[in-house]
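Mind the numbering: the sequence shown is residues 4 to 184 in our numbering, read in order.
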Amino acid sequence: GKTVIANPLFGTTTTHIAALFTLWGEDRAKAFMEAMKLNKVKLSTSNGESADLVASGEFVFGLVDSDDAANRIRQGRPIEIVYPDQGENGIGCLIVPNAVMLIKGAPHPDNGKKLIDFLLSKETERKLAIAACAQIPLHSAVETPSEVKRIEQIKAMAISYAKVARKLQEIQPFLKQWVGY
């Protein structure tokens, strides 16, 4: 009973669980989920609540998004960010990508391209790294605050996001049963 995660039926926790199902296969992922249940994992309402429960000392570990942890560190809370599975044989940490795209046939493609260039600029990435969203920049020249790791410092999970997206729906019945619905 020392671990907390957000309800896996919603948000990025669902995505993380779907990534494990995609990478490990159904049997191993279900065994992992059942092991969490046997260890009396606490389900919170959000990643933010999970981060607060760890920061308060009520729990020693929480699976949260990096921005939730980074913001607790910025508040002076006594927590540390640990990126999972970083060892040589580790599967890596799930990186949840942001996306921007130009829609084919959009009425103002030049303005759309300018927006994309702005969003992908080093200056915007710097601002997003220091903002509450604590985004991990892709430009290597962008300086980050100490609580935001650089992308090249993180061993990322090698995963097909398309497969993860399909798995999100497939695992819903299992997750509903797992949380007790």
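Here a beta-carbon is modelled for each residue, glycine too, at the ideal position from N, C-alpha and C. Only a predicted model underlies this, so the values are computations on that prediction, with no experimental measurement involved.
Ranked by Cα distance from A22, the options G90, G95 and G79 are led by G95.
V63 is positioned such that its CB atom lies no closer than 9 Å to that of I8. With 16 or more other CB atoms across the displayed protein chains lying within 10 angstroms of its CB, P11 is buried.
Contact between the segment 110-128 and the segment 50-60 is absent: fewer than 3 CB-CB pairs across the two stretches fall below 8 Å. Taking the Cβ atoms as the reference, Q89 lies roughly 5 Å from K158, within the contact range of under 8 Å.
I8 sits in a strand when the DSSP states are folded into three classes. By the criterion of at least three beta-carbon pairs nearer than 8 Å, the segment 111-118 is not in contact with the segment 31-49. Taking the Cβ atoms as the reference, T25 lies roughly 33 Å from K130, outside the contact range of under 8 Å. Residue pairing by DSSP places L46 opposite I8 in a beta bridge.
Less than 9 Å separates the beta-carbon of V99 from that of D68. For H19, the closest C-alpha among the options A144, D55, S163 and I139 is that of S163. Taking C-beta atoms under 8 Å as the contact rule, L97 and M36 fail to qualify, at a distance of about 16 Å. In the three-state scheme derived from DSSP, where H, G and I count as helix and E and B as strand, F13 is classed as coil. The alpha-carbon of E173 is positioned some 15 Å away from that of G14.
Contact annotation: Q138 and D71 have beta-carbon atoms that are not nearer than 9 Å. Rounded to the nearest angstrom, the gap between the Cα atoms of Y184 and I76 is 34 Å.
Nearest Cα to P148 within the set A165, G28 and A73: A73.
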